[in-house]
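Here is the structure we will look at, set down as structure tokens.
Residue numbers (the numbering used here): 956 to 1197.
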């Protein structure tokens, strides 16, 4: 049994918006470019690897492929959305290339990667003429990208576990650093030397902490703890890994 979904926005636009015609095609492509531009601007403003043009092109390609699939299925009896399936694979490849591994053993670009993939799905919804679904998905999509980082940062700051990038002036100071950390109420779960900095003259480590002190858990954020550790003379640089 096939259920037809009621689309209030399509009702407002008129019957012409439901079918494939010059007006509806122009509307869907323009909508894809506009919504993807908003997402791309949000990513670009935070200096992420994929920016405005990348998001627009992914959404544009998805919308056009869905339009072509709808046309082929309506007029030539095609049973499968071949072009849309190929576009999903292409979008996955593009988004996969947005994932980078930094010299600090951090994985970067995961949000941008999944954002590109989600933007591709948004393009399919637009190309299929699902205007209400498109509006709902876009609002949630933008909210996740723009509003969730602050909440995510809050959760991280309340966590008892965190990881830092540590640069010491000399490896001989590592024992002193461990001693000071324990006195502050931090348990060191793991210390790993970062080989990417070999030959730089610095001793660089990735250190994983667990906050054991009840006072630290209650009153101190990760940033405040790191600021306290950064006051040590033998530390060249220290920061929390994201």
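All C-beta atoms in this analysis are idealised placements derived from N, C-alpha and C, irrespective of residue type, glycine included.
When the alpha-carbon of residue 1188 is set against those of 1129, 1020, 1071, the nearest one is in 1129. The C-beta separation of residue 991 from residue 1014 comes to about 3 Å, placing the pair in contact by the 8 Å criterion. Look at residue 1141 here: in three-state DSSP terms it is strand.
For the options 1137, 1120, 1180, the alpha carbon positioned closest to that of residue 1158 is the one of 1120.
Ranked by how close their Cα comes to the Cα of residue 995, the residues 1092, 1080, 1147, 1067 have 1067 in first place. Secondary-structure assignment with DSSP links residue 984 through no beta bridge to anything. Annotation: the continuous alpha helix (DSSP H) that includes residue 1020 extends over 1007 to 1030.
Boundaries for residue 1128: no beta strand (DSSP E) harbours it, and the DSSP string shows neither H nor E there.
When DSSP states are grouped into helix, strand and coil, residue 1189 belongs to the coil group. Secondary structure at residue 1042: helix, using DSSP grouped into helix, strand and coil. For residue 1089, the enclosing alpha helix (DSSP H) has its first and last residue at 1086 to 1113. By the neighbour-count criterion, in which a residue is buried when 16 or more other Cβ atoms sit within 10 angstroms of its Cβ, residue 1036 is buried.
Beyond the five residues adjoining it in sequence on each side, residue 1101 comes within less than 7 Å, by CB distance, of 997 in the same chain, given in chain order. Under the three-pair Cβ rule at 8 Å, the stretch 1043 to 1050 does not count as touching the stretch 972 to 984. In this structure, 1162 is the residue among 1099, 1162, 1150 with its C-alpha nearest to the C-alpha of residue 1116.
In this structure residue 1166 touches residue 1141 by the C-beta definition: roughly 6 Å separates them, less than 8 Å. DSSP places residue 1158 inside the beta strand (DSSP E), whose first and last residues are 1158 to 1166. Following the DSSP letters along the chain, one finds residue 1066 inside the alpha helix (DSSP H) bounded by residues 1065 to 1082.
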